[in-house]
Amino acid sequence: MEKAKIFAMAILSAGLVGVVQASNACVGNSASLNANDCAAWITGYDALGGTQWTRFNSVGNCRRDPLQCAGNPSLQYQITGTNTHIEQIWFNDNNIQGTLAPEWGNLQELKFLVIRNSLGLHGTIPASYGSHIENVAIC
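Residue numbering for the sequence shown is 955 to 1093, as defined by my numbering.
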C-alpha cells in the first residue's frame, strides 16, 4: 500500500511541475517568442514588480504576453519586437520596483532599454547586458 502512495505522489508531482512550466510559457501575441526571450522577460517582469506596474497591467497579461503590451509610444512606454524576439523596452512613470534582472541580458535582440521616473528601481546595470544593447537609459 505504501508503494502505491509513493507512486501516486510521484505522478502528481510530475504533473504539477508540468503545470508550473506551462504557466511560464508566453501566450497570445508573444506565443512565438524565442523560449529564452520569454523566460528572460518573465524573470525581469517578476524582479521588477510587474504586477504593480501602472502602465501595462490594464491591457492584459503582460507577464506572459509582453508583445501585447504595446503601451503608448507618445508617452514613452512600450514593448516592441518581432515574432521571435523582444527588441525594445521603454518604461516611463511605470512604478518599477526592484533590481534589473541579469536575465534581460539574454535578450539578444534587445537594442533599447529605457527606464525613466522609476524611483523604486535600485542596484546596478548587470554586466550580462553587455554591448548588444545599443541604448540603456535609466534616469
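C-beta atoms are modelled at their ideal positions from N, C-alpha and C, and glycine is treated no differently.
Compute every distance between the C-beta of L1002 and the non-hydrogen atoms of the ligand MN, then say whether any falls below 8 Å.
-> What this structure holds is no ligand at all, so the ligand MN is not there to describe.
Could you say if the region 1035-1055 and the region 1002-1010 meet the contact criterion of at least three C-beta pairs nearer than 8 Å?
-> yes
Where W1007 sits in the DSSP three-state scheme = For the purposes of this step, residue 1007 is taken as the residue at position 53 of the sequence shown. W1007 falls in the coil class under three-state DSSP.
Compare the beta carbon distance of L1061 and A994 with 9 Å and say whether it is the shorter of the two.
-> Translated into positions along the sequence shown, residue 1061 becomes position 107. Translated into positions along the sequence shown, residue 994 becomes position 40. Yes, the Cβ-Cβ distance between L1061 and A994 is below 9 Å.
Kindly list the residues whose CB is nearer than 7 Å to the CB of N1037, restricted to its own chain and excluding five residues on each side of it in sequence; keep chain order.
-> Counting from one through the sequence shown, the residue named residue 1037 turns up at place 83. Result list for N1037: S986, in chain order.
Between which two residues does the alpha helix (DSSP H) carrying N1071 extend?
-> What you label residue 1071 is simply residue 117 of the sequence shown in a count that begins at 1. From DSSP, N1071 is part of no alpha helix (DSSP H); its letter is neither H nor E.
How big is the Cα-Cα spacing for R1070 and I1043?
-> In the sequence shown, counting from the first residue as 1, residue 1070 sits at position 116. In the sequence shown, counting from the first residue as 1, residue 1043 sits at position 89. Spanning the two alpha carbons is a distance of roughly 11 Å.
Apart from the five residues just before and just after A1091, which ones in its own chain have a Cβ nearer than 6 Å to its Cβ?
-> Position 137 of the sequence shown holds residue 1091. If we look at A1091 and ignore the five residues flanking it on each side, its Cβ neighbours are V1068.
Note the first and the last residue of the continuous beta strand (DSSP E) segment covering T1034.
-> Mapped onto the sequence shown, residue 1034 falls at position 80. Under the DSSP assignment, T1034 falls in the beta strand (DSSP E) whose first and last residues are 1032-1035.
Report all residues from its chain with a CB closer than 6 Å to the CB of E1088; omit the five preceding and five following residues, and keep chain order.
-> For the purposes of this step, residue 1088 is taken as the residue at position 134 of the sequence shown. The residues are K1065.
Around the C-beta of N988, are 16 or more other C-beta atoms found within 10 angstroms, so that it is buried, or is it exposed?
-> Taking the first residue of the sequence shown as 1, we reach residue 988 at position 34. The residue in question, N988, is buried, as its Cβ has 16 or more Cβ neighbours within 10 Å.
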